Each structure stands twice: as C-alpha cells, then as structure tokens.
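Scroll down for the structure; my scribbles are underneath it.
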Amino acid sequence: MTKRIDVYISTLKRLTRTETDTALASALGVAKQTISSWRRRETVPWRLQYELIDKYGPEAAFNNEINYVATQREKQVILHVFLALYDIHKDRFDPSKDPRRYNDWAQAFLNFEYQLERLIREAGFVGEENGLFDRVAIADAILKKIESGELEDATHSFDVFLHDSEGPQ
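Following full-length UniProt numbering, the numbering of the sequence shown begins with 1 at its first residue and continues without gaps.
And the structure:
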C-alpha cells in the first residue's frame, strides 16, 4: 500500500512539473534531504504547507485541516466573483420572474467554477496572513478583468451563458 506521504510528494511533483526528488526540492527551494525527511517522518511542516498552498492551491496541503481551510478560502473568492456577476446581470435573467432561471444560474456557476479556481491560483492565492481583505481584493480584481474582457476564457464562458440565456425558455 502506498504511503500518504508518497502520494503527497507525487502530487507536489505534478504541481511543480518535476519528476525527481532532487528537481522537486529545487523547485520548492529546499534541500533534497528535506524531501527525505518528510518521507521518514511522514509529515510536512505546516508553515511550508501554507506557503505551498499560496503558490499551488489547496492540493499542495498535506494535512486535511490545511486543505480544508485553503479550499474554503478559495470557494469564498469564487462565490464572491460569481455573486457579483449575478448582481450585475440578474435583471436580464431574473429568477424571481422565471424560477427556471435558478437552474440556468446554477449551471453557469458549475461551468464557471473551474475557470475561477484557475484564475485565483494564477493570481497567487493569498494565505491567512492578510485574511479577508486579500480575498476581497483578489475577487474584485478577477471580476474587473472578466468584465473588461481581459480574462478571455472566463469572459467567453460567461458571455456564452448570457447569450444562451437570452434564447427562448
């Protein structure tokens, strides 16, 4: 049976696009012996995990607790962006006038969630150090870029949703 630490190190190699422990250590800015120490102790320092999730997202956490916290922070930004988009466009597709619109918005959210997750990670997701302020700032920055068309994939996805929603119900 594969040890959890080995699965974690393999995940880090995938995230850093490296293949060996030496290359991983170099990518993370630690000594190769550090990777060996993780294997021997079957643990990774919490401080380093927080640094890694800031750079690579929740997947880079070894401890479930850290992964959960990071995932919740990421979801908070995703919801912030999506709810702001909803507020901007809800008059065009108001679910209170046609309850089927709730399903349209839910589908748009599910289609859009992965792209927002990627954008958050590309923005250099913030850790707990700067807290809520940074999450709001990142959400607002992503929202502005979507609305201005700077984030082509996300803007395109949302435009497709808006276009499809304008059709007959």
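Glycine included, C-beta positions come from ideal geometry on N, C-alpha and C. None of the values given here were measured: they were computed from a predicted structure.
Between the beta-carbon of Ala-61 and the beta-carbon of Gln-49, is there less than 8 Å?
Against a cut-off of 8 Å, the Cβ pair of Gln-49 and Ala-61 comes out as a contact.
Does the region 107–118 come into contact with the region 144–159, if we say contact requires no fewer than three beta-carbon pairs (one atom in each stretch) closer than 8 Å?
By the Cβ rule, the region 107–118 counts as touching the region 144–159, because three or more pairs are nearer than 8 Å.
Whole-number beta carbon distance between Ile-78 and Trp-46, since they are thought to touch under 8 Å
Taking the Cβ atoms as the reference, Trp-46 lies roughly 25 Å from Ile-78, outside the contact range of under 8 Å.
Return the CA-CA distance between Lys-97 and Ile-142, expressed in angstroms with no decimal places.
Each residue's alpha carbon lies about 29 Å from the other.
Helix, strand or coil: how does DSSP classify Pro-99 here?
Of the three classes helix, strand and coil, the one that applies to Pro-99 here is coil, per DSSP.
Which residue's Cα is closest to the Cα of Lys-145: Leu-119, His-163, Asp-134?
Checking every option, the nearest Cα to that of Lys-145 belongs to Leu-119.
Please name the residue in Leu-12, Ala-154, Glu-152 whose C-alpha comes closest to that of Gly-29.
Proximity to Gly-29 across Leu-12, Ala-154, Glu-152 peaks at Leu-12, based on C-alpha coordinates.
Restricting to Cα atoms, I'd like to know which of Glu-117, Arg-39, Lys-3 is closest to Ala-70.
That would be Glu-117, whose Cα lies nearest to the Cα of Ala-70.
Neighbourhood of Arg-135 by C-beta distance below 8 Å, restricted to the same chain and skipping five residues each side:
Result list for Arg-135: Arg-73, Gln-76, Val-77, His-80, Val-126, in chain order.
Under a three-way DSSP split, which group does Asn-63 fall into?
In the structure shown, Asn-63 adopts coil according to DSSP, grouped into three states.
Name the residue from His-163, Arg-121, Arg-92, Ile-138 whose alpha carbon lies nearest to the alpha carbon of Pro-58.
Sorting His-163, Arg-121, Arg-92, Ile-138 by C-alpha distance to the C-alpha of Pro-58 places Arg-121 at the top.
Is it buried or exposed, Ile-35, if we count other Cβ atoms within 10 angstroms and call 16 or more buried?
Burial call: buried.
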